[in-house]
Amino acid sequence: MTTNTLLRWGLYAVLILFAAFYLMPLFVMLTTSLKSLEEIRTGGLLSLPREITFAPWAEAWSTACAGTQCEGLRPFFWNSVLMAVPAVAISTVVGALNGYVFAQWQFRGANLFFAAILFGCFIPFQVVLLPMAQALGFLGLAGSIPGLIFVHVIYGIGFTTLFFRNYYVTIPQELVRAAKVDGAGFFRIFFAIFLPLSLPIITVSVIWQFTQIWNDFLFGVSFSGPGSQPVTVALNNIVNSTTGVKAYNVDMAAAIIAALPTLLVYVVAGKYFIRGLTAGSVKG
Amino acid sequence: MEWLERNVPKLVLAPSFVAILIFVYGFIAWTAWISLTKSRLMPKYEIDGFGQFERLFAAPRWDVAMNNLFIFGGLFIVISMVIGLLLAIFLDQRIRAEGVLRTVYLYPMALSLIVTGTAWKWILNPGLGIQETVRGWGFESFTFDWLIKPEMAIYTVVLAAVWQASGFVMALFLAGLRSVDTEIIRAAQVDGIPNHRIYSAIIIPTMAPIFLSAFIVLAHLAIKAFDLVIALTNGGPGYSTDLPATYMYAMAFSRGDLGQAASSAMVMMGVIFAIVVPYLYSELRPRRDH
């Protein structure tokens, strides 16, 4: 064997080893969620279930206790859906219009404002947590799903604006100038020229916002009430619920359920997800 | 009418402008103000000076939180960068099934940190997790109980965070490697320059902006890492894995100490500020290629 093929084998060995490292927790979650508690106590962490049971999944979905409420993840899962869908839609629409202005309708002070928005993307949310709690109370939105939608839209438009601005900047300004000469206005140009070109960046924005909002915990735990908790908060409550026997299989089933929507999005549209994550980081 | 037409772009931006002004900058100002008062359970508005910060810096728990931030942040950023770069370079060698491997490396980034924390908490628990499994293989004295050791628990947070984010760094670096001009690389290969020299002398130096971006993203994740600690250790054992983010949350929502919550948030803000502002400055500077 030449050194070159040896090197090649080593390369693949390292790559596969890392793949195993990344897959191990998912594997453990899945197998644990399909085992009975008895088998979890006697068998190894990495062993396949001897007898597959779906009871933990049923329990996680509809009867597991989060705090004092024993309805499983189901109601909280729907809370997250009701929160994420409007928040994603609104922040994407606002981001598209903002990005369109910043890229094609520059005015004096626009750059400064864009910098201010960009900076807003990076603040630690702890710094707005206290006043936001007060403001939501003042607006009558405390502990409600509309309140959470509001918060996610406010702190989401920074990123969506950035995505659309960076995308629209690449469209030549002559296009807008020519359309203006033909008498088309701001919205006309947007709907006739920009929107039809926007499918890729809309996908990026939707996927990015959806994963951010679905996976959010800080805002959820800070601003939700008993009836409006998102799924991440409920998952944490179920796992840390102190009543009864520690049901690891139910915990793992609940964790997978909570992760399923974003995992699914990732598997279906992973390419766009990567593009969203790397947007702004890699200058093309 | 004509006025309206001319000002449509500004009117479109106006709601966002107002929102950002109030909910980002106004709120930062409010928190800064509160951090200078004697607020406890309820906000008070008489300025009192820097008493809250003195209390903060004297608190042993805050000391632990800041220390943890530097341990966690430092290790998390360095290890993620090293693994990310290594995997990116390895994947760049015309690997079969590259797409599959890339997907496998990156999927953790799609998960909520609460899910990540829950999974690793189960894997690392000494009773039934890895420790017990390895002992079951016959290594009776094998010990891996970092999760319950106060001086080691922070490293489990590093482990879980690296697991989650290193694949993302790989994706960033891989995109960077692929964007390097192939003409230059081919010319170097024709000249007989060995592969590792091509990487160290040509490709990696052109990727400096990507190193910076990766660093910013990771530093940002590290400072905000709140969910992971809550799910994995809940700050424990004791408060040994507290981070500034969990300290702030505890003060705000369970201790009812708004002044401490506000002043700790301001310190976090300062740390981010120091890292991000130079970056934003370099990002927004007019570019030569435009």
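For the record, the sequence lines run as chains A and B. In terms of UniProt numbering, the first sequence opens at residue 1 and continues consecutively. In terms of UniProt numbering, the second sequence opens at residue 1 and continues consecutively. Here a beta-carbon is modelled for each residue, glycine too, at the ideal position from N, C-alpha and C.
According to DSSP, residue i sits in a beta bridge with which residue or residues?
{"i": "residue 37 of chain B", "result": "B:47"}
{"i": "residue 291 of chain A", "result": "As shown, chain A starts at 1 and ends at 284. That puts residue 291 of chain A outside it, with no answer to give."}
{"i": "residue 224 of chain A", "result": "A:143"}
Have a look at the options and flag the residue whose alpha-carbon is nearest the alpha-carbon of residue i.
{"i": "residue 150 of chain A", "options": "A:11, A:163, A:86, A:108", "result": "A:86"}
{"i": "residue 272 of chain A", "options": "A:226, A:211, A:169", "result": "A:211"}
{"i": "residue 192 of chain A", "options": "A:136, A:144, A:180", "result": "A:180"}
{"i": "residue 168 of chain B", "options": "B:82, B:274, B:48, B:24", "result": "B:82"}
{"i": "residue 165 of chain B", "options": "B:152, B:42, B:108", "result": "B:108"}
{"i": "residue 23 of chain B", "options": "A:125, A:231, A:82", "result": "A:125"}
{"i": "residue 257 of chain A", "options": "B:103, B:69, B:115", "result": "B:115"}
{"i": "residue 18 of chain B", "options": "A:185, A:157, A:255, A:182", "result": "A:157"}
{"i": "residue 30 of chain B", "options": "A:245, A:100, A:108, A:129", "result": "A:129"}
{"i": "residue 306 of chain B", "options": "A:186, A:39, A:203, A:117", "result": "Outside the modelled stretch of chain B, which goes from 1 to 290, sits residue 306 of chain B, for which no answer is possible."}
{"i": "residue 177 of chain B", "options": "B:221, B:155, B:200", "result": "B:200"}
{"i": "residue 218 of chain B", "options": "B:53, B:254, B:78", "result": "B:78"}
{"i": "residue 221 of chain A", "options": "A:108, A:145, A:12", "result": "A:145"}
{"i": "residue 267 of chain B", "options": "B:45, B:1, B:36", "result": "B:36"}
{"i": "residue 245 of chain A", "options": "A:38, A:123, A:112", "result": "A:38"}
{"i": "residue 47 of chain B", "options": "B:33, B:55, B:41", "result": "B:33"}
{"i": "residue 368 of chain A", "options": "A:5, A:4, A:65", "result": "Residue 368 of chain A is absent from the structure shown; chain A starts at 1 and stops at 284."}
{"i": "residue 252 of chain A", "options": "A:21, A:4, A:28", "result": "A:28"}
{"i": "residue 230 of chain B", "options": "B:153, B:52, B:28, B:94", "result": "B:153"}
{"i": "residue 273 of chain B", "options": "B:41, B:28, B:145, B:259", "result": "B:28"}
{"i": "residue 8 of chain B", "options": "A:131, A:190, A:132, A:139", "result": "A:190"}
{"i": "residue 161 of chain B", "options": "B:136, B:69, B:88, B:259", "result": "B:69"}
{"i": "residue 205 of chain A", "options": "A:93, A:240, A:218", "result": "A:93"}
{"i": "residue 64 of chain B", "options": "B:264, B:269, B:275", "result": "B:264"}
{"i": "residue 18 of chain A", "options": "B:75, B:222, B:84", "result": "B:84"}
{"i": "residue 144 of chain B", "options": "B:132, B:39, B:110", "result": "B:132"}
{"i": "residue 57 of chain A", "options": "A:74, A:154, A:147", "result": "A:74"}
Applying the criterion that 16 or more other CB atoms from any shown protein chain within 10 Å of the CB defines a buried residue, is residue i buried or exposed?
{"i": "residue 114 of chain A", "result": "buried"}
{"i": "residue 16 of chain A", "result": "exposed"}
{"i": "residue 122 of chain B", "result": "buried"}
{"i": "residue 213 of chain B", "result": "buried"}
{"i": "residue 244 of chain B", "result": "buried"}
{"i": "residue 216 of chain A", "result": "buried"}
{"i": "residue 282 of chain B", "result": "exposed"}
{"i": "residue 102 of chain B", "result": "buried"}
{"i": "residue 52 of chain A", "result": "exposed"}
{"i": "residue 182 of chain B", "result": "exposed"}
{"i": "residue 7 of chain A", "result": "exposed"}
{"i": "residue 187 of chain A", "result": "exposed"}
{"i": "residue 321 of chain B", "result": "There is no way to answer for residue 321 of chain B, as the model of chain B reaches only from 1 to 290."}
{"i": "residue 106 of chain A", "result": "exposed"}
{"i": "residue 278 of chain B", "result": "exposed"}
{"i": "residue 6 of chain B", "result": "exposed"}
{"i": "residue 290 of chain B", "result": "Residue placement at residue 290 of chain B is flagged as unreliable, the pLDDT there being 41, under the threshold of 50; the coordinate-derived value follows with that caveat. Counting Cβ neighbours within 10 Å, residue 290 of chain B comes out exposed, since fewer than 16 surround it."}
{"i": "residue 45 of chain B", "result": "exposed"}
{"i": "residue 174 of chain B", "result": "buried"}
{"i": "residue 94 of chain B", "result": "exposed"}
{"i": "residue 60 of chain B", "result": "exposed"}
{"i": "residue 208 of chain B", "result": "exposed"}
{"i": "residue 128 of chain B", "result": "buried"}
{"i": "residue 254 of chain B", "result": "exposed"}
{"i": "residue 268 of chain A", "result": "exposed"}
{"i": "residue 256 of chain B", "result": "exposed"}
{"i": "residue 184 of chain B", "result": "exposed"}
{"i": "residue 109 of chain A", "result": "exposed"}
{"i": "residue 68 of chain A", "result": "exposed"}
Inset, instruction - Below 9 Å between beta carbons is the criterion; list the residues of the segment 249-272 of chain B that meet it against any residue of chain A, in chain order. - result: 249, 252, 253, 258, 261, 262, 264, 265, 266, 268, 269, 271, 272
Inset, instruction - Check each residue of the segment 25-41 of chain B: if its Cβ is closer than 8 Å to any Cβ of chain A, include it; give the result in chain order. - result: 25, 26, 27, 28, 30, 31, 34
Inset, instruction - Note down, in chain order, all residues in the segment 234-250 of chain A with a beta-carbon under 8 Å from any beta-carbon belonging to chain B. - result: 235, 236, 239, 240, 248
Inset, instruction - Taking a Cβ distance cut-off of 9 Å, strictly less, list which residues of the segment 106-122 of chain B are near chain A, in chain order. - result: 106, 107, 108, 109, 110, 111, 112, 113, 114, 115, 116, 117, 118, 119, 120, 121, 122
Legend entry - chain A contacts made by the segment 223-237 of chain B, where a contact means CB separation under 8 Å: 223, 224, 226, 227, 230, 231, 234
Legend entry - Selection of the segment 204-216 of chain A by Cβ proximity to chain B, strictly under 9 Å: 211, 214, 215, 216
Legend entry - Near-chain B residues of the segment 72-86 of chain A (beta-carbon distance less than 7 Å), N- to C-terminal order: none
Inset, instruction - Please list the residues of the segment 218-231 of chain A that have a C-beta atom closer than 9 Å to any C-beta atom in chain B, keeping them in chain order. - result: 218, 221, 222, 231
Legend entry - Contacting positions in the segment 160-172 of chain B - beta carbon closer than 8 Å to chain A: 163, 167, 168, 171, 172
Inset, instruction - Can you give me, in chain order, the residues of the segment 23-40 of chain A that have a beta carbon less than 9 Å from any beta carbon in chain B? - result: 23, 24, 25, 26, 28, 29, 32, 40
Inset, instruction - Mind listing, in chain order, the continuous alpha helix (DSSP H) runs of no fewer than 4 residues lying wholly within the segment 68-147 of chain B? - result: 98-106, 113-124, 130-136
Inset, instruction - Tell me the start and end of each unbroken alpha helix (DSSP H) in the segment 74-157 of chain A that is at least 4 residues and wholly inside, in chain order. - result: 74-104, 110-122, 126-138, 145-154
Legend entry - Residues within the segment 135-155 of chain B neighbouring chain A, beta-carbon criterion of under 7 Å: 136
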